[in-house]
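Here our numbering = 1-based position in the sequence shown + 1.
Glycine included, every Cβ here is placed at the ideal spot set by N, Cα and C.
Down below is the structure, laid out as structure tokens.
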Amino acid sequence: MHPMAPAARSTGVVRARRRLLRFRGLAMLLLAILATSAAAADQDRARIRTSISADRVWATLNDFSRWPNIFPDLVSLCEEAADDDALWLRQSMRSFGLRLVHTSRVYLDPTGRRLDLELDPSYPHALDDFTSTWIVTPLDDAGSVIELRVRADLALPVPGFVRRSLLRDSVQESVQALIDAAEDSAPAAAEPLESC
């Protein structure tokens with residue numbers, strides 16, 4: 002029988018088609034993973050109890066000029082604008098080896114010891130979505146509970162499980178960094194924040 006007889010040719014064609022289908026299947030799976038990982042913002046939360054007073058933690062949190070020295074992912078921070086209700090902060094953060102710059106509108110509730118940051122899309126930004134909420138709750142024993150909730154969509158082609166893991170670590174590190182900063186320094190008047 003000739004090497005390219007119809008039976009041999011059909012076996013080779015079947016193998017080639019199977020390889021093509023496997024390749025297409027893997028390509029579709031990869032695209033589905035990337036599409037799913039970029040489809041929604043990732044969220045995480047950290048809540049830590051400390052013996053430091055809520056007033057001291059709140060004063061440290063509101064000293065924006067110290068943020069680049071306190072928070073590990075923050076490279077720089079400056080004041081973009083301000084009005085009676087809010088403050089706009091331009092933040093430069095490092096994530097996945099990239100520098101991500103965005104402007105957040107900051108809402109302060111001193112009575113409730115709550116600070117909210119929300120991405121302002123009217124300014125240039127490298128994030129598709131970003132909000133964070135800090136809540137400092139006083140305890141009866143003069144300590145406090147510090148809670149940070151973050152929702153972020155970095156819109157990077159990185160698998161979702163990697164982004165979620167990094168976000169979880171970043172949120173935990175940020176709360177611990179605030180506790181360390183409040184513990185290490187005596188309360189002082191906040192320095193004015195540089196304008197952008």
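Proximity winner among the options, relative to residue i (alpha-carbon distances)
| i | options | result |
| --- | --- | --- |
| P125 | E174, S93 and V151 | S93 |
| L88 | S96, L120, I71 and A42 | L120 |
| I147 | A153, Q44 and A60 | A60 |
| S54 | R150, V137 and L168 | V137 |
| R164 | S66, S77 and G98 | G98 |
| L78 | R57, Q173 and R100 | R100 |
| L118 | D86, R95 and T112 | D86 |
Residue i vs residue j beta-carbon contact at 8 angstroms
| i | j | result |
| --- | --- | --- |
| V107 | L128 | no |
| D45 | R169 | yes |
| L179 | L62 | yes |
| A47 | V176 | yes |
| A42 | R152 | yes |
| I150 | S133 | Contrary to the premise, residue 150 reads as Arg rather than Ile in this sequence. Yes, Cβ-Cβ distance for R150 and S133 is below 8 angstroms. |
| S105 | F131 | yes |
| V58 | S171 | no |
| R95 | A182 | no |
Start-to-end residues for the beta strand (DSSP E) that takes in residue i
| i | result |
| --- | --- |
| T132 | D130 to P139 |
| A47 | D43 to T51 |
| Y108 | L99 to D110 |
| R67 | Here R67 belongs to no beta strand (DSSP E), and DSSP marks it neither H nor E. |
| D117 | R115 to L120 |
Rounded separation between residue i and residue j - CA only
| i | j | result |
| --- | --- | --- |
| E195 | I49 | 30 angstroms |
| V102 | A191 | 24 angstroms |
| P122 | E80 | 16 angstroms |
| A143 | G161 | 40 angstroms |
| T51 | D110 | 21 angstroms |
| E184 | T112 | 22 angstroms |
Bounding residues of the alpha helix (DSSP H) (the contiguous stretch that carries residue i)
| i | result |
| --- | --- |
| E184 | G161 to D185 |
| R57 | A55 to L62 |
DSSP beta-bridge partners of residue i
| i | result |
| --- | --- |
| E80 | L90 and S196 |
| I147 | I49 and V137 |
| R208 | Outside the shown range of the chain (2 to 197) lies residue 208, about which nothing can therefore be said. |
| D154 | D130 |
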